[in-house]
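A.B. asks:
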Amino acid sequence: MTNGSFILATIGILLGATGTYLLLPHRRGEAKPRTLYILGGTFAGLGLIGFLLLLTPPALSPLADFVAGSFFYIFAAGAIGAGVMTVTSRNPVYSALWFAGVVVSTAGLFLLADAQFLAAGSIIVYAGAIIVTFLFVIMLAQMEGKAVYDRAARSPGRAVFTCFLLLWSLAYCLATLPGAEPSDADSVVSARQRLRRGRELASFYPEGGPAQARIALERSLRPTSSLFVDGDPMKPKPNVAGLGEALYTDNLLAVELAGAILFAALIAAVVIANPRPMTALPASKSDA
Amino acid sequence: MTIWVLIGILIKMLVVVGVTQGAVAYLILVERKIAAYAQDRIGPNRCGREIGVPFALIQPLADGAKMLLKEDVVPKYVTKPLYILAPWIAIATAMIGFAVVPFGPVGPNQIIDFQIAPNVDIGILYVLAVGSLAVYGVILAGWASNNKYAFIGGLRSSAQLISYEIPLGLSILGMVLIAGSLDMNRIMAWQSRHVWGILVQPLGFILFFTSAFAETNRLPFDLPESEQELVGGFHTEYSAMKFGMFFLGEYLHVITVSFITVILFFGGWDVPFVTSPDQSGLLWAIVKVGVITSKVGLVILFIMWVRWTLPRFRYDQLMDLAWKSMIPLALINLVMTAGIVQLVRTYWV
Numbered sequence: 001m002t003n004g005s006f007i008l009a010t011i012g013i014l015l016g017a018t019g020t021y022l023l024l025p026h027r028r029g030e031a032k033p034r035t036l037y038i039l040g041g042t043f044a045g046l047g048l049i050g051f052l053l054l055l056t057p058p059a060l061s062p063l064a065d066f067v068a069g070s071f072f073y074i075f076a077a078g079a080i081g082a083g084v085m086t087v088t089s090r091n092p093v094y095s096a097l098w099f100a101g102v103v104v105s106t107a108g109l110f111l112l113a114d115a116q117f118l119a120a121g122s123i124i125v126y127a128g129a130i131i132v133t134f135l136f137v138i139m140l141a142q143m144e145g146k147a148v149y150d151r152a153a154r155s156p157g158r159a160v161f162t163c164f165l166l167l168w169s170l171a172y173c174l175a176t177l178p179g180a181e182p183s184d185a186d187s188v189v190s191a192r193q194r195l196r197r198g199r200e201l202a203s204f205y206p207e208g209g210p211a212q213a214r215i216a217l218e219r220s221l222r223p224t225s226s227l228f229v230d231g232d233p234m235k236p237k238p239n240v241a242g243l244g245e246a247l248y249t250d251n252l253l254a255v256e257l258a259g260a261i262l263f264a265a266l267i268a269a270v271v272i273a274n275p276r277p278m279t280a281l282p283a284s285k286s287d288a
Numbered sequence: 001m002t003i004w005v006l007i008g009i010l011i012k013m014l015v016v017v018g019v020t021q022g023a024v025a026y027l028i029l030v031e032r033k034i035a036a037y038a039q040d041r042i043g044p045n046r047c048g049r050e051i052g053v054p055f056a057l058i059q060p061l062a063d064g065a066k067m068l069l070k071e072d073v074v075p076k077y078v079t080k081p082l083y084i085l086a087p088w089i090a091i092a093t094a095m096i097g098f099a100v101v102p103f104g105p106v107g108p109n110q111i112i113d114f115q116i117a118p119n120v121d122i123g124i125l126y127v128l129a130v131g132s133l134a135v136y137g138v139i140l141a142g143w144a145s146n147n148k149y150a151f152i153g154g155l156r157s158s159a160q161l162i163s164y165e166i167p168l169g170l171s172i173l174g175m176v177l178i179a180g181s182l183d184m185n186r187i188m189a190w191q192s193r194h195v196w197g198i199l200v201q202p203l204g205f206i207l208f209f210t211s212a213f214a215e216t217n218r219l220p221f222d223l224p225e226s227e228q229e230l231v232g233g234f235h236t237e238y239s240a241m242k243f244g245m246f247f248l249g250e251y252l253h254v255i256t257v258s259f260i261t262v263i264l265f266f267g268g269w270d271v272p273f274v275t276s277p278d279q280s281g282l283l284w285a286i287v288k289v290g291v292i293t294s295k296v297g298l299v300i301l302f303i304m305w306v307r308w309t310l311p312r313f314r315y316d317q318l319m320d321l322a323w324k325s326m327i328p329l330a331l332i333n334l335v336m337t338a339g340i341v342q343l344v345r346t347y348w349v
């Protein structure tokens, strides 16, 4: 990131912050004058355009540059714009829908970065389940008109200041990042990094000769996915298999930990949800 | 990748959209006929008789014309943007789910890849992801209509779809574990090398098919629109083509679900006991497309048959079925399959 683009980013963030502040709902949930909304929309739109100018679309293949590039800008603008709309909508149902828009746009960006599993996963988990549950609750809670606290923004000024300060500091970190210097040391480190992966360690051993270690390693790492069955460059990249391998070799501890925590939460949910018989309540009270 | 690949994909999309829409039009006719036979009636048999077309074969055209020409009522009290958006969501999610479904052989030695997006590694997960978005169409239609029947229909639908997505996803995983890939082409390839999925995953098949009924809002799970309680459910306030779009979306979902059932559990285009070493070439491709579409047709007929055979569930029964029996069964199925696959891979292969 050069100095010029950093200044552009700062201007974009300032414009976006002003626009978002103007667009946010009134503190007491009343409607603002129309001109304020128009002004806020213009500022936020200018900030968005300024920010989009900084982004570079990913290069996938010769033709895809145009197609993927235009999709990249659509998704990026969609994600940021829908994010602003999520916080500025006065109706919680619309907020939830714009949030779904954010998730779908982000999934599109994941797809463009060739992270298909992440894209599908975020759509299934967030857009397909969590936001639908939000909508469900909002719709059930709003049977008698909208409440004031749903339409009002609590201390909009401080919220906008904090969020956009965070965004600006991110941009600042990016701007002060030293440029990548390609060197031999880099490739050595990355090769050493890659050696940690179990199956590559196995293929590191020589093919011929008494490679006992290699045989033992291969037996311990039986391919349950088709990652290595057909490592053909013509075939689609084994996204899911690669992800699974990374999760269960390099990050095994984290996966197991997350599983244990989720399991504990599941047990807690079952305990809380299970209705206790009414007679059992006084007994437990006297015990305590 | 050249510009021609892009044009080829666009042509494929047009063909698929056209064919599926036409198929939907005729499926409605088939459904009406099956309903008529199930109720000991004759069903539509007049349309086109004057110009010599037998079996009311131009009834779908008449239905389509009716949908387009009816008055498009938008009530005063609806939330207009969402009211208009909802049917579009219903139809769009139903259509883009088809993008990764292979309707014929796909591979490097084929002249045409019979799939719109052949390089999607996550395959079946994509269909699930897009299918999970379909609930927005129903829930928004129910909420935006500002009508209590529509609203209750939307609420029921969101609860039902969220609940049945879990056994749907879990029941697929058994087959994914066995074939070792989420890609539908590889799952079919495994089945043509070994046996059909229904033989190795019978429980998975039953769970998948049952949740598929619930996901497509078909009877016996059509609580969101149960007529005798909710007038028309979530689409009570919709008329003309907007109602038609919901209808279209539902049938497109049925087609997609039937394709996935055939691909996962009935071997795709595999015909049992026909083993020929070289199955490439255009002729084989056409034969395979014919085989898979006829299997899909049979599954769709079965779905329609069930609709006119079984009564509707009560709502608490519906929820009990999902959470208390299908999800535990699907989990047991998944764990057992994982164990067996690991044992087989370790000791026999």
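In the order they appear, the protein sequences are chains F and P.
The opening position of the first sequence corresponds to residue 1 in the numbering used here, with each subsequent residue numbered one higher.
The opening position of the second sequence corresponds to residue 1 in the numbering used here, with each subsequent residue numbered one higher.
Don't be surprised by glycine CBs; every beta carbon is placed ideally from N, CA and C.
(1) Alpha carbon to alpha carbon, how far is Tyr-347 (chain P) from Asn-217 (chain P)?
(2) Mind checking if Ile-123 (chain F) is an interface residue toward chain P, Cβ cutoff 8 Å exclusive?
(3) Rounded C-beta distance between Ala-62 (chain P) and Cys-47 (chain P)? I'm assuming under 8 Å.
(4) Distance check for Thr-249 (chain F) and Glu-256 (chain F), CA to CA, integer angstroms please.
(5) In the DSSP assignment, find the alpha helix (DSSP H) that holds Met-360 (chain P) and state where it starts and stops.
(6) Indicate the three-state DSSP secondary structure (helix, strand or coil) for His-253 (chain P) in the structure shown.
(7) Go ahead and pull the three-state DSSP assignment for Ile-58 (chain P).
(8) Show which residues of chain F have a CB atom less than 7 Å away from the CB atom of Trp-143 (chain P).
(9) To the nearest angstrom, how far is it from the Cα of Ile-51 (chain P) to the Cα of Leu-57 (chain P)?
(10) Quick one: what's got a C-beta closer than 7 Å to Lys-354 (chain P)'s C-beta in the same chain, skipping five residues either side?
(11) Within its chain, find whatever has a CB closer than 7 Å to the CB of Ile-138 (chain F); leave out the 5 residues flanking it on each side and keep chain order.
(12) Measuring only between beta-carbons, confirm whether Leu-133 (chain P) sits less than 8 Å from chain F.
(13) Express the C-alpha separation of Glu-245 (chain F) and Ala-254 (chain F) in angstroms, rounding to a whole number.
(14) Taking Phe-71 (chain F) as the query, report the chain P residues whose CB atoms sit under 9 Å from its CB, ordered along the chain.
(15) For Met-336 (chain P), is the classification buried or exposed, using 16 other Cβ atoms within 10 angstroms of its Cβ as the cut-off for buried?
(16) As a quick exercise: from P:Lys-288, P:Met-13, P:Leu-82, P:Tyr-126, pick the residue whose alpha carbon is nearest that of Met-188 (chain P).
(17) Answer yes or no: do Val-240 (chain F) and Asp-121 (chain P) have a C-beta to C-beta separation smaller than 8 Å?
(18) What in chain P is Cβ-close to Gly-41 (chain F), meaning under 9 Å?
(19) In the DSSP assignment, find the unbroken alpha helix (DSSP H) run with Ile-122 (chain P) in it and report its ends.
(20) For Pro-328 (chain P), I'd like the list of residues in its chain whose CB is within less than 8 Å of its CB, leaving aside the five on either flank, ordered along the chain.
(21) In chain order, what residues of the same chain have a beta carbon less than 7 Å from the beta carbon of Ala-117 (chain P), not counting five sequence neighbours either side?
(22) Determine the DSSP secondary structure at Val-271 (chain P), reduced to helix, strand or coil.
(23) Assuming the contact rule is C-beta atoms closer than 8 Å, Leu-15 (chain F) and Gly-41 (chain F) should be a hit. Round their C-beta distance to whole Å, please.
(24) Please classify His-235 (chain P) as buried or exposed, where buried requires at least 16 neighbouring CB atoms within 10 angstroms.
(25) Whether or not the region 148-159 of chain P and the region 172-188 of chain P are in contact is what I'm after, with contact meaning three or more pairs of Cβ atoms, one per stretch, closer than 8 Å; do they touch?
(26) Say whether the region 199-213 of chain P touches the region 130-149 of chain P, bearing in mind that this needs 3 or more beta-carbon pairs closer than 8 Å, one atom from each stretch.
(27) For chain F, find out if any of its Cβ atoms is closer than 8 Å to the Cβ of Leu-298 (chain P); answer yes or no.
(28) Taking only beta-carbon positions, decide if Leu-135 (chain F) is within less than 8 Å of chain P.
(29) Would Gly-108 (chain F) count as contacting chain P if we go by Cβ distances under 8 Å?
(30) Would Trp-351 (chain P) be called buried (16 or more neighbouring beta carbons within 10 Å of its own) or exposed?
(31) If we ignore side chains and look at the alpha-carbon of each, how far apart do Leu-36 (chain F) and Leu-68 (chain P) end up?
(32) If I'm right that Tyr-315 (chain P) touches Val-231 (chain P) with Cβ under 8 Å, what's the distance once you round it to whole angstroms?
(33) Does Ser-158 (chain P) get closer than 8 Å to chain F when you measure Cβ to Cβ?
(34) Just the C-alpha distance for Val-291 (chain P) and Phe-208 (chain P), rounded to the nearest angstrom, thanks.
(35) Looking only at C-alpha atoms, which of P:Ala-330, P:Val-73, P:Ile-332, P:Thr-293 sits nearest to Tyr-238 (chain P)?
(36) Which whole-angstrom value is the C-beta distance of Ala-134 (chain P) and Ala-90 (chain P), which I expect to be below 8 Å?
C.D. replies: Quick answer:
(1) As a working note, residue 347 (chain P) is residue 347 in the second sequence. As a working note, residue 217 (chain P) is residue 217 in the second sequence. Cα to Cα, the separation comes out at about 43 Å.
(2) Along the first sequence, one-based indexing puts residue 123 (chain F) at 123. Output row for Ile-123 (chain F): interface = yes.
(3) Taking the second sequence and counting its residues from 1, the one referred to as residue 62 (chain P) is at position 62. Taking the second sequence and counting its residues from 1, the one referred to as residue 47 (chain P) is at position 47. Right, their Cβ atoms sit about 5 Å apart.
(4) By one-based count along the first sequence, residue 256 (chain F) stands at place 256. By one-based count along the first sequence, residue 249 (chain F) stands at place 249. Whole-angstrom Cα-Cα distance: 11 Å.
(5) Coverage of chain P is limited to positions 1 through 349, which leaves residue 360 (chain P) absent and any answer about it impossible.
(6) Start at 1 with the first residue of the second sequence, and residue 253 (chain P) comes out as number 253. The answer is helix: DSSP assigns His-253 (chain P) an H, G or I state.
(7) Reading the second sequence from its first residue, position 58 is the one you call residue 58 (chain P). Coil, per DSSP.
(8) For this step, residue 143 (chain P) is matched to residue 143 along the second sequence. Result: Val-93, Met-139.
(9) Along the second sequence, read from residue 1 onward, the residue named residue 51 (chain P) stands at position 51. Along the second sequence, read from residue 1 onward, the residue named residue 57 (chain P) stands at position 57. Computed Cα separation, rounded: 11 Å.
(10) Residue 354 (chain P) lies beyond the stretch modelled for chain P, which goes from 1 to 349, so this question has no answer here.
(11) Residue numbering aside, residue 138 (chain F) sits at position 138 when the first sequence is read from its first letter. So the list reads Pro-92, Val-93, Ala-96, once near-sequence residues are dropped.
(12) Position 133 of the second sequence, counted from the start, is the residue given in the question as residue 133 (chain P). Judged by the 8 Å Cβ criterion, Leu-133 (chain P) is in contact with chain F.
(13) Taking the first sequence and counting its residues from 1, the one referred to as residue 254 (chain F) is at position 254. Taking the first sequence and counting its residues from 1, the one referred to as residue 245 (chain F) is at position 245. Going by the C-alpha atoms only, they are around 13 Å apart.
(14) The residue labelled residue 71 (chain F) in the question sits at position 71 within the first sequence. Here the premise fails: no neighbours, minimum Cβ distance about 13 Å.
(15) On the second sequence, residue 336 (chain P) is found 336 positions in, with the first residue counted as 1. Burial call: exposed.
(16) One-based indexing of the second sequence puts residue 188 (chain P) at position 188. Closest option to Met-188 (chain P), Cα to Cα, is P:Lys-288.
(17) As a position in the first sequence, residue 240 (chain F) is number 240, starting the count at 1. As a position in the second sequence, residue 121 (chain P) is number 121, starting the count at 1. A contact, by the Cβ cut-off of 8 Å.
(18) Position 41 of the first sequence holds residue 41 (chain F). In chain order: nothing, as chain P lies at least about 17 Å away.
(19) For the purposes of this step, residue 122 (chain P) is taken as the residue at position 122 of the second sequence. It is not in any alpha helix (DSSP H) - Ile-122 (chain P) carries neither H nor E in the DSSP assignment.
(20) Position 328 of the second sequence holds residue 328 (chain P). Contacts found: none.
(21) In the second sequence, counting from the first residue as 1, residue 117 (chain P) sits at position 117. Result list for Ala-117 (chain P): Ala-99, Val-100, in chain order.
(22) Numbered from 1 along the second sequence, position 271 holds the residue referred to as residue 271 (chain P). Three-state result, Val-271 (chain P): coil.
(23) Your numbering for residue 15 (chain F) matches position 15 in the first sequence. Your numbering for residue 41 (chain F) matches position 41 in the first sequence. Actually they are not in contact, since the Cβ atoms of Leu-15 (chain F) and Gly-41 (chain F) sit about 12 Å apart, beyond 8 Å.
(24) Numbered from its first residue, the second sequence carries residue 235 (chain P) at position 235. Counting Cβ neighbours within 10 Å, His-235 (chain P) comes out buried, since at least 16 surround it.
(25) no
(26) no
(27) As a first step, residue 298 (chain P) must be located in the second sequence, where it is residue number 298. Not an interface residue.
(28) The sequence position of residue 135 (chain F) within the first sequence is 135, counting from 1. Cβ-Cβ to chain P under 8 Å: yes for Leu-135 (chain F).
(29) Counted from its first residue, the first sequence places residue 108 (chain F) at position 108. Chain P contact via Cβ: absent.
(30) The shown model of chain P, from 1 to 349, leaves out residue 351 (chain P), and the question about it has no answer.
(31) Position 36 of the first sequence, counting from 1, holds the residue named residue 36 (chain F). Position 68 of the second sequence, counting from 1, holds the residue named residue 68 (chain P). Roughly 42 Å separates the two Cα atoms.
(32) Start at 1 with the first residue of the second sequence, and residue 315 (chain P) comes out as number 315. Start at 1 with the first residue of the second sequence, and residue 231 (chain P) comes out as number 231. About 16 Å separates the two Cβ atoms, so there is no contact after all.
(33) The sequence position of residue 158 (chain P) within the second sequence is 158, counting from 1. Taking Cβ atoms only, chain F reaches closer than 8 Å to Ser-158 (chain P), which makes this a yes.
(34) For the purposes of this step, residue 291 (chain P) is identified with residue 291 of the second sequence, where counting begins at 1. For the purposes of this step, residue 208 (chain P) is identified with residue 208 of the second sequence, where counting begins at 1. Going from the Cα of Val-291 (chain P) to the Cα of Phe-208 (chain P) covers about 22 Å.
(35) The residue given as residue 238 (chain P) occupies position 238 in the second sequence. Nearest option by C-alpha distance: P:Val-73.
(36) Along the second sequence, read from residue 1 onward, the residue named residue 134 (chain P) stands at position 134. Along the second sequence, read from residue 1 onward, the residue named residue 90 (chain P) stands at position 90. At roughly 7 Å, the Cβ-Cβ gap stays under 8 Å, so Ala-134 (chain P) and Ala-90 (chain P) are in contact.
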